[in-house]
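Residue numbers (my numbering), protein chains in the order written: chain C, 1 to 419; chain F, 1001 to 1548.
Glycine is no exception: its CB is placed at the ideal position from the N, C-alpha and C atoms.
Quick caveat: nothing in here was measured; it's all calculated off a predicted structure.
Written out below as structure tokens is the structure these notes cover.
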Amino acid sequence: MGLLDFFKKIEHGEKPKTMVGKVGHTLSDAVFTFLYSPNEVTAEGVHIRDGMDLKRTMFHVMIALQLCLLFGTYNIGHQHFTAMGQYVGFLEGFHLKLFHGFIKVLPIFLVVHAVGLGIEIWFAAKKGHSVEEGFLVSGPLIVLIMPPDIPLWMLAVSVAFAVIIGKEAFGGTGMNIWNVALLARVFVFFAYPTTISGDNVWVSGFETVAAGVSTDYGWMHGVFNVLFGWIGIDQFEAGGAIVDGFTGATPLALAYQGGWSAVTEVYSTSQMFWGTIPGSIGETCKPFIVIGAVFLMAVGIASWRIIAGCLIGAALMGMLLNLWGATPFMTVPWYYHAWMGSALFAFAFMATDPVTATATNSGKWIYGILIGVIGIIIRILNPAYPEGWMLAILFMNTFAALIDHYVLEANMKRRLKRA
Amino acid sequence: MKKPFSLLRSVPILLFLLLADQASAQASTPGSSYVLYVLIGLGLILVAAVIMSVSENLLQIEAQKRGADTTKNNFSIVPNISELMGKGAPSYAEGASVHQFKKGHDIKLAGEVENTEAHALADVSSYAVRPENFRELSPIPRMLVTEGQEVKAGEPLFEDKKDPRVKYVASVSGEIAEIRRGEKRAITDVIILADKVQQRIKHDVTSLSTSSRQEIVDLFLISGAWSHLNQRPYDVVPDPDIVPNNIFISTFDTAPLALDYNSVVAGKGAELQAAVDVLSKLTDGQVHIGLSAASDAAPAAEFTGLTGVEKSWYNGPHPAGNVGVQIHHTAPISATSVVWTIGVQDLVTIGHFCISGEYIAERTVAIVGSEVSHPKYIKTYLGAKVSDLLKNNLKGDHNRVIAGNVLTGKKLNEDSYLNQGDEQITVIPEGDEYEMFGWLLPIKPRPSLSKTFPNFLFGDHRFEVNTNTHGEKRAFVVTGQYESVLPMDIHVQQLMKSIMTNDYERMEGLGIAELSEEDVAICEFVCTSKMPLQKILRVGLDMMRDQG
């Protein structure tokens, strides 16, 4: 138990007075409680406690995201080589695609967590409490909803904005009004719109997505090339260029221009289902999202009411707009809306955030259905925003407290009536 | 009244017809054929619902005309969900409807009593009456005895300074050994060294059956029977000037390792009947008995045979046995109503008093928990010394001794005495040890409602628990957790938040008056954020009580 003794020594040492000392103490406490469950015992109230705690809850959400993260990483490479017309088969050039994705995702992952966790730890030290686990989930989520080529400084600024203004200003984990991950994305979306919308941002490794543009490799590609050279497998080749006729447009952009037929000209439905299309890192692969969502619902962490509500709301609104059918996008069959864009990802992992969603069970239905309805409205009717879920969820986050208020009012009226 | 009603009903149908018309016009596009089917489906459901609701209303009207009780018996053409889902009322319930609860959780712990027969009176040297057990009482009550004085069982020891009518009496006869004081000179224990042969004060109860309510109340006040009653909301000794709306008794306890009352009341049928007969004179309403419909065997005949009471049956996991839950489902407490609740053993004490005029505060206490060598039932008197009850019956030496169950009990030390309501002593090991990756990969199985633990594989496993918190305190994050274990129409989390923000209006509106600590204890157990819900609730209740 050498490690345990080491931590105990830090734990029971003198209380630090300087800010550096405090941050160090908070950090060591966070690492310690990660490694060891503390020896705290119940003091008042119940004498035994359920084995479930917030760490375990958050960790299970992280597990649910892993498949999406893995697939997203690979798909970055796949899109990159597809643009050049190389290794067109999904599993061809496996190591190149995987490591190209890795080279893109790793810096994003590191920056998000360094900035986010850094701010969390600093605030925790300042307030003198332990680091709360919220960012363990926000971090991976932010990675999954960013385009692969996002400039890292923009990412850092947006994460800092989301964590400081969106969360710590309200009091930390459990107190925030808006979903932290979406707040980071919405910050990029409005502050630097060209990096996160349009047809040029979803395929990585090129200055811009146009025929003839050649690859833009960095030093990490060189490092891996040396490695691949030793083993004697294919290497990254700097000379590749985007082939004629390739479009980096997402299905949503195509649908907006020409309806479902325009989408299917470029992408097959099975491509969209399996997720080998351009998009944010984690949003494309529908089966893995569904697996993650089902897992979270099965262990009771994600609210099935919210997810069901979202699906119902989106389906109803999709049907209504099908009936209307005034623009090409409106005629896209309602059941294909789940195939395009980030609908499923948003329902499974964003709408179900328990802190920013409604707290009451009937409220969860209303909240979910309205997200579905509003998201489809923004997606189809608003030309400025190609995708609606981020805004729909943030919008409903804002109204979650109001929905709960009316649910509680109803409960109070019921009680008064009974008396 | 009726005309606009039917008009309103027809609006959706018209709307549907319009939409269907629209839909059929567009049926050529691929998406809208589905829309058409969905709309037709919705329309059919709507029409069926209209027909059903009209016929159901007619049925209810007819039933009411004939004088049937529509709240108790289901006259609807749609069966109740409980009727469909539940296994149905057991035969011993004699056709009465059973309240089926899905919400809740039975925490199965090791250290159960196998032989529920209570042993003979335990050899306990001293007993205590503890002023702090009575919430309304000031910390320093007016003492009526001094140290060294001899008292009989049922003799007043102290009285409330605010209301001297309420006397608190000796549970046994003997010598006052010590009047123990705690912080700020508050009297914590009045300790009596018990006589070998018990002497009891005898009151005249021969005319009890013909006495007026006030005469009964006066007799109860001076004899000590009064302190066995509990007034809700707030869980206080009843105010003698208030007539309760109803009186509730739960005849079963679903808490972990709880006492089985069926064996406790064996042969005490006459006492129970005498008690409820007298109690029914003290209320404007009725005496309600909550019976368990959970097991295959019927509850004790002493309970089922009671007459002059309103019986209701409950089946479900803990907290189905909590009287608060039962009140919620029979005659809910409102902001202005007041009810009494009485424990089963208190009922026997009152019943015995009503028959003989003597105050006999006998108690069967369950000694349970994984650290008890021989879990058993012990017969003793109220306020027995804990160390005497546990003598030579403990396994380890690093234990938590709890007066009561693991959810609501109080921590005891070496020198403690049992409290007024205690019917159980639970002993479990302390959990003050570090566990590597304990939050992720626990070494020992532990009870949990979370499906992230594979506890469903263990089936009927009885867990050996310790007092570790299994995580640190956090802000509210997870929602819907409390409501999923409490079979009451109460938004517990929102209520807790309203207490934390001193929002009186909302506290009252969300039903704080219906709750007591024991009701939210199971919520506190499951809480992911390790919130002290019982403490928060008591703060809220105290705030409400101070406001009057």
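Taking a cut-off of 8 Å on C-beta distances, the stretch 346-362 of chain C touches the stretch 166-180 of chain C, as three or more cross pairs fall below it. By the neighbour-count criterion, in which a residue is buried when 16 or more other Cβ atoms sit within 10 angstroms of its Cβ, His-1491 (chain F) is buried. Under DSSP, Asn-1468 (chain F) shares a beta bridge with C:Val-41. For the stretch 1430-1456 of chain F, the set of residues with a beta-carbon nearer than 8 Å to any beta-carbon of chain C comprises Glu-1430, Gly-1431, Asp-1432, Glu-1433, Tyr-1434, Glu-1435, Met-1436, Phe-1437, Gly-1438, Trp-1439, Leu-1440, Pro-1442, Arg-1446, Pro-1447, Ser-1448, Leu-1449, Ser-1450, Lys-1451, Thr-1452 and Phe-1453, in chain order. Taking C-beta separations shorter than 6 Å and ignoring five residues to either side along the sequence, the partners of Asn-322 (chain C) in its chain run Trp-334, following chain order. When 8 Å is used as the limit between beta carbons, Glu-120 (chain C) is near no residue of chain F, the shortest such separation being about 13 Å. The beta carbon of Pro-1317 (chain F) sits no closer than 8 Å to any beta carbon of chain C. About 6 Å separates the Cβ atoms of Leu-1510 (chain F) and Gln-1494 (chain F), confirming a contact at the 8 Å cut-off. When secondary structure is reduced to three states using DSSP, Pro-107 (chain C) falls in the helix class. Taking 8 Å as the threshold, the shortest C-beta distance from Asn-176 (chain C) to chain F does not fall below it. With three or more CB-CB distances shorter than 8 Å, the stretch 271-282 of chain C counts as touching the stretch 134-152 of chain C.
With the criterion set as a beta carbon lying under 8 Å from some beta carbon of chain C, the members of the stretch 1388-1414 of chain F are Arg-1400, Ile-1402, Val-1406, Leu-1407, Thr-1408, Gly-1409 and Lys-1411, in sequence order. Per DSSP, the continuous alpha helix (DSSP H) segment holding Ser-261 (chain C) begins and ends at 251-266.
For secondary structure counted as the alpha helix (DSSP H) over 4 or more consecutive residues, the stretch 312-394 of chain C holds these complete runs in sequence order: 361-381. Under the Cβ distance rule, Gly-172 (chain C) counts among the residues neighbouring chain F, one pair being separated by less than 8 Å. Taking 8 Å as the upper bound for CB-CB distance, Glu-1302 (chain F) and Ile-1355 (chain F) are not in contact here, some 14 Å apart. For His-1328 (chain F), there are no C-beta contacts with chain C under 7 Å, since the nearest C-beta of that chain is about 10 Å from it. In this structure, the alpha-carbon of His-80 (chain C) lies about 8 Å from that of Lys-97 (chain C). Shown here, Gln-1100 (chain F) sits in a strand according to DSSP, grouped into three states. Sixteen is the threshold: when 16 or more other Cβ atoms of the shown chains lie within 10 Å of the Cβ of Lys-364 (chain C), as they do, the residue is buried. Rounded to the nearest angstrom, the gap between the Cα atoms of Gly-1357 (chain F) and Phe-1248 (chain F) is 23 Å.
Leaving aside the five residues that flank Val-61 (chain C) on each side, the residues in its chain whose CB is nearer than 7 Å to its CB run, in chain order, Val-137, Leu-296 and Ile-301.
Sequence-ordered contacts of the stretch 1462-1486 of chain F with chain C read Val-1465, Asn-1466, Thr-1467, Asn-1468, Thr-1469, His-1470, Gly-1471, Glu-1472, Arg-1474, Ala-1475, Phe-1476, Val-1477, Val-1478, Thr-1479, Gly-1480 and Glu-1483 [C-beta pairs closer than 8 Å].
Straight-line measurement puts the Cα of Ser-1091 (chain F) at about 51 Å from the Cα of Met-319 (chain C). The beta carbon of Ala-1110 (chain F) is closer than 6 Å to those of Ser-1370, Arg-1462 and Glu-1464 in its chain, skipping five residues each way along the sequence. At the C-beta level, Thr-1528 (chain F) and Met-52 (chain C) come within 8 Å of one another.
With a threshold of 16 other beta carbon atoms within 10 Å, Arg-414 (chain C) falls short and is exposed. Using a Cβ-Cβ cut-off of 8 Å, Glu-1175 (chain F) is close to nothing in chain C; its nearest Cβ partner there is about 35 Å away. Around Ala-238 (chain C), the same chain offers Thr-215 and Tyr-217 as residues with beta carbons nearer than 7 Å, after the five sequence neighbours per side are excluded. Not one beta carbon of chain F lies nearer than 8 Å to the beta carbon of Ala-314 (chain C). The C-alpha of Gly-1174 (chain F) lies about 8 Å from the C-alpha of Gln-1149 (chain F).
Nearest Cα to Ala-160 (chain C) within the set C:Phe-170, C:Pro-328 and C:Val-112: C:Val-112. Using a Cβ distance threshold of 8 Å, Tyr-192 (chain C) and Met-1436 (chain F) do not count as a contacting pair. Of C:Trp-339, C:Asn-382, C:Leu-67 and C:Leu-227, the smallest CA-CA separation from Thr-264 (chain C) is found for C:Trp-339. His-1374 (chain F) is classed as exposed because its beta carbon has fewer than 16 other beta carbons within 10 Å across all chains shown.
Relative to Ala-410 (chain C), the option among C:Pro-386, C:Pro-16, C:Ala-241 and C:Asn-361 whose CA is nearest is C:Asn-361.
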